[in-house]
Each structure stands twice: as structure tokens, then as C-alpha cells.
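Only one structure is covered here, and it is reproduced in the block below.
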Amino acid sequence: MIQIEHLHKSYPGADGSASREVLHNISLTIESGEVFGILGSSGAGKSTLVRCINLLEPLSSGRLLIDGRDVTHVRGRELAQLRTGIGMIFQNFSLFQQRTILQNVTFPLEIVPRSERLSRAEREERARYLLDLVGLAGFEKRYPSQLSGGQQQRVAIARALANKPSIMLCDEATSALDTTTTVQILELLHKINKELGVTLVLITHSLSVARNICDRVAMIDGGRIVELGETEELFENPQSDILRTLIANANHHAHGTGASAAAPSAAASTLTAEQAVK
Ligand SMILES: Nc1ncnc2c1ncn2[C@@H]1O[C@H](COP(=O)(O)OP(=O)(O)O)[C@@H](O)[C@H]1O
Ligand SMILES: [Mg+2]
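Residues 357 to 634 (our numbering) make up the sequence shown, in order.
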């Protein structure tokens, strides 16, 4: 379980100008085993929030608890240990271009303290298991540049799972992918959530992604939570003007009345839950 209590986050201004608060009093609880969506437009503060959750950024104020433990001020070795329990994937995959697919997935297993490190054979065995899990058995010896975007994201997912995290943070993980590939990656994430019980925190600007896979969604706008609730309820009965407007626009495009009806993002908004998550 992830508990965020009254989180404020400011960044220092450039050249000594006054600092600017980009997250304002965020409080939310993400249950273990949940698929939790953080939805918001570009610049809303989604990535900042996710960097606070995995402690890549210190909180300016507020508290962060993971499984009931206050980790707000954890540093050093303890922090490194905590991070191995949190997997992370990104929009741009962030694979190591000079390493093979297998070596990409074994990497997180190589950097744990020596006392906890598996043998080379065990590391490779785990990587092969994970590559099989994500549908990439047989790709071990290839390099990232020899894979499609969807395949590269599968490698990133396998790598994120190497140290058996209980939480996986996905920051715009499907935003660089086409509609069909997005559906496939969401199916894979859904499988990982159900079969491995990994808590998923999915950061997205896409209404359809949030709607199709998330149990609950928080929408942030201007660094504040403007919606929070069960996904279906939230989409059927949005409380905020911004979500109402976004839903109306998506419906408008989906019905082919807009000039951009064929654009990938508009097409994605017409995906059904059945298509996205089998
Ligand atoms: N390292 C940083 N230093 C200063 N400002 C930042 C930094 N990272 C993000 N910001 C600002 O914080 C706000 C939220 O950014 P971000 O969390 O990346 O939004 P999102 O992921 O929702 O697009 C933006 O105004 C952005 O310019
Ligand atoms: Mg972002």
C-alpha cells in the first residue's frame, strides 16, 4: 500500500528566483494489488508525483508511507533497498543500447549488494523466465535497436520485474506506441497485475488507457487532485469541468465528426475495455 499525505512539492526557480510549487496538498492511498491511474494533461505534475513516490525527488512537505512504513526521509543504502521493491517503466523505454536484451534484463540483478546477488547462471535463468513471461523468448541475443517499440517496452517491463518488485510505476508507458501495440502492452500489464499481484501505478494523459485498465483513477490538474474514484463511476459522472470537457472531446472525435478523427489518440479513445484487457 502506498499512502501519500499532504504532499507539497516545489522546484527551485532558475537563477535563484523564487521556488515554484508544482504539487499542492496531494493525499491519496493506493491499495496493494490495485491498478491505479494518475490521469492528467501535460504539465499537470504526473511525473513529479511519480518521482516523489519512488523517492527520486524529495518531498517539500508531507509524508510517504509504503506498506505502513514512513519512508519520507529514508536515504542511502535503505533508499536503494526500497527502490528495488519498485519497478519503473517510461515512455522512451530507456534500454541500454550496448547491451543485449538478456543483459538488459539481468542488469538490475547485477547491481544489488554482493551478499544478496544471485550467481550469473541464476541471473540469466531469471531473465529468461521474465523474457518468456513478456512474450520475448528467443530474443535474448538481440540488441534494443533490432526490436520494435512494443517489443522494447516488453524488455523494459521484464527488466522492471527482475528484482520482484511489489509496485510498478508506469510513466506514459504506452504514449509512444500505436493503438494496437498499446492494447497489447496493457494486456501484458494486466496479466502482471493479476498473476504476480504487482501493484500498478499507471501515469497517463490518455482517457482510454485510464478507463480500460485502471481500478481507480486520480486526475490531477495544475498540481491538484480534481477527481478521485472508481474508474467507471468517475467517467460516468465526472465532477470537474476539465474531465467533462476531455470526455466530450473524446466522444466527439470517436464519432468521426472532428477532422482529427483518424488520429491515433482519437482512435485510441474508441477502444473498448474488452479490446484492452482480455
Ligand atoms: N526538475 C524540475 N525543475 C523545475 N521544474 C520542473 C522540474 N520537473 C518538472 N517541473 C515543472 O513541474 C511541472 C509539472 O511537470 P511534470 O511533473 O513533468 O508534468 P507531467 O508529467 O504531468 O507532464 C511543470 O510545470 C514542469 O515544468
Ligand atoms: Mg510526465
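No residue lacks a Cβ here, since even glycine has one placed at the ideal position from N, Cα and C.
Small disclaimer: the values here were computed from a predicted structure and weren't measured.
Does residue i pass the burial test, meaning 16 or more other C-beta atoms within 10 Å, or should it be called exposed?
i	result
His-429	exposed
Glu-478	exposed
Asp-527	buried
His-609	buried
Glu-583	buried
Gly-401	buried
Gly-396	buried
Ser-475	exposed
Gly-579	buried
Ser-564	buried
Ser-625	Residue placement at Ser-625 is flagged as unreliable, the pLDDT there being 44, under the threshold of 50; the coordinate-derived value follows with that caveat. Classification of Ser-625: buried, given that the 10 Å Cβ count is 16 or more.
Arg-376	exposed
Ala-615	Unreliable placement is indicated for Ala-615, whose pLDDT of 42 sits below 50; no coordinate value is reported for it.
Ala-374	exposed
Asn-593	exposed
Ile-467	exposed
Asn-607	exposed
Ala-629	The predicted model places Ala-629 with a pLDDT of 41, which falls under 50 and marks its position as unreliable; any figure quoted below should be read in that light. Classification of Ala-629: exposed, given that the 10 Å Cβ count is below 16.
Ser-388	exposed
Lys-365	buried
Gly-399	exposed
Arg-482	buried
Which residue comes first and which comes last in the beta strand (DSSP E) that contains residue i?
i	result
Asp-527	523-527
Val-391	391-395
Thr-385	376-386
Arg-419	417-422
Ser-403	Unbroken run through Ser-403 is the alpha helix (DSSP H), 402-409; no beta strand (DSSP E).
Leu-363	358-367
Starting from residue i, trace the alpha helix (DSSP H) in both directions and tell me its first and last residue.
i	result
Gln-437	432-440
Arg-455	Segment: none, Arg-455 is in no alpha helix (DSSP H) and carries neither H nor E.
Asn-605	597-610
Thr-587	587-592
Under the assumption that residue i contacts residue j (Cβ atoms under 8 Å), give the Cβ distance between them as a whole number of angstroms.
i	j	result
Leu-533	Gly-491	About 15 Å separates the two Cβ atoms, so there is no contact after all.
Val-511	Asn-448	Wrong, their Cβ atoms sit about 13 Å apart, outside the cutoff.
Thr-536	Arg-567	Actually they are not in contact, since the Cβ atoms of Thr-536 and Arg-567 sit about 18 Å apart, beyond 8 Å.
Ile-360	Gly-418	7 Å
Leu-487	Ile-457	7 Å
Leu-525	Asn-410	6 Å
Leu-318	Ile-569	Examination of residue 318 is not possible in this model, given that the chain is present from 357 through 634 alone.
Phe-392	Val-557	5 Å
Gly-443	Ala-493	With a Cβ gap of about 20 Å, Gly-443 and Ala-493 do not count as contacting.
Where are the alpha helix (DSSP H) runs, 4 residues long or more, that stay fully inside the segment 544-582, in chain order?
-> Entirely contained in the segment 544-582, the alpha helix (DSSP H) runs reaching 4 residues are, in chain order, 563-569.
Which ranges would you report for the beta strand (DSSP E) in the segment 460-544 if only whole runs of at least 3 residues count?
-> Under the rule that a run must span 3 or more residues, the beta strand (DSSP E) segments found entirely inside the segment 460-544 read 523-527.
Near ligand 1, which residues have their beta-carbon closer than 6 Å to a heavy atom?
-> Ordered along the chain, the selected set is Tyr-367, Val-378, Gly-396, Ser-398, Gly-399, Ala-400, Gly-401, Lys-402, Ser-403 and Thr-404.
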